[in-house]
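Sequential numbering from 139 applies to the sequence shown in this note's numbering.
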Amino acid sequence: MSTHAAARVAAPTRREQILREAARLFAERGFHGVGVDEIGAAVGISGPGLYRHFPGKDAMLAELLVGISERLLAGGRLRVTEDGASRGGSPDALLDALIEGHIDFALDDRPLITLHDRELDRLRDTDRKRVRQLQRQYVEVWVDVVRALYPALAENQARATVHAVFGLLNSTPHLTRPEALPDRTATAALLHRLARGAFEAAGS
């Protein structure tokens, strides 16, 4: 594949552009503080033009929150199969793979963390239940790996520790100034050390 072809494949679709800008604006101003026209302006189309892609803001919010939960679960499962196998498949390597994947999310999708915290209750019941179901499944992927690495850790304690680590990793949006974070590589390394330290403390 040529470089130009690869660039075309990698380029976000208009739908993806809309979702990215909607997430950013919703996180900055709140769901009700953003109009369809503003989202359209951010991607260079008229507000009414958005309705060719989404029936409304509610649909954008649902796709954002359900979508990221689906991607986290799929990514977690992939990391304990393909990525884990490439690292030797040990529980230690699998946990590192899961932590690295979640750190990528925490650093690259900060608006979605804010959006989840503030706006999850705005979803209709079926979408909210779907998000919760996906999240529970994602937690269990981690719990299985954590208990394989720390077999003396009770299941409920492993689950509580996983949730605590998610809280730690998902704290990045609460750093209000971008310069409050070191560079991405250093931040990822720090978060990884903190997460591993939490699991080691729980398993000791």
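Glycine included, each C-beta is placed from N, C-alpha and C at the ideal position.
Secondary structure of residue 234 (DSSP, three-state): helix. Looking at 183, 219, 197 and 190, the one whose alpha-carbon comes closest to that of residue 161 is 197. Comparing alpha-carbon positions, the option among 209, 260, 193 and 214 lying closest to residue 235 turns out to be 214. Between residue 299 and residue 307, the C-beta gap is not smaller than 9 Å, which leaves the two residues out of contact.
With 16 or more other Cβ atoms from the protein chains shown falling within 10 Å of its own Cβ, residue 276 counts as buried.
When the alpha-carbon of residue 249 is set against those of 178, 169 and 332, the nearest one is in 169. For residue 311, the closest C-alpha among the options 246, 180 and 150 is that of 246. A direct Cα-to-Cα measurement between residue 159 and residue 274 gives close to 28 Å. Taking 3 residues as the shortest admissible run, the region 205 to 291 contains no complete beta strand (DSSP E) segment at all. With contacts defined by Cβ atoms closer than 9 Å, residue 337 and residue 253 do not form a contacting pair. The Cβ atoms of residue 302 and residue 285 do not sit closer than 9 Å to each other. Pairing residue 153 with residue 192 gives a Cβ-Cβ distance under 9 Å. For the pair residue 171 and residue 178, the CB atoms are not nearer than the 9 Å cut-off. Restricting attention to alpha helix (DSSP H) runs no shorter than 4 residues, the region 152 to 176 encloses them at 152 to 167, ordered along the chain. In the displayed model, residue 313 falls within coil according to three-state DSSP, outside both helix and strand. In the three-state reduction of the DSSP assignment, residue 185 falls in the coil class. In the structure shown, residue 308 falls within a coil segment according to DSSP collapsed to helix, strand and coil. Comparing alpha-carbon positions, the option among 342, 201, 304 and 270 lying closest to residue 332 turns out to be 304.
Judged by their CB atoms, residue 211 and residue 258 are not nearer to each other than the 9 Å cut-off.
DSSP places residue 301 in the helix class (H, G or I) of the three-state scheme.
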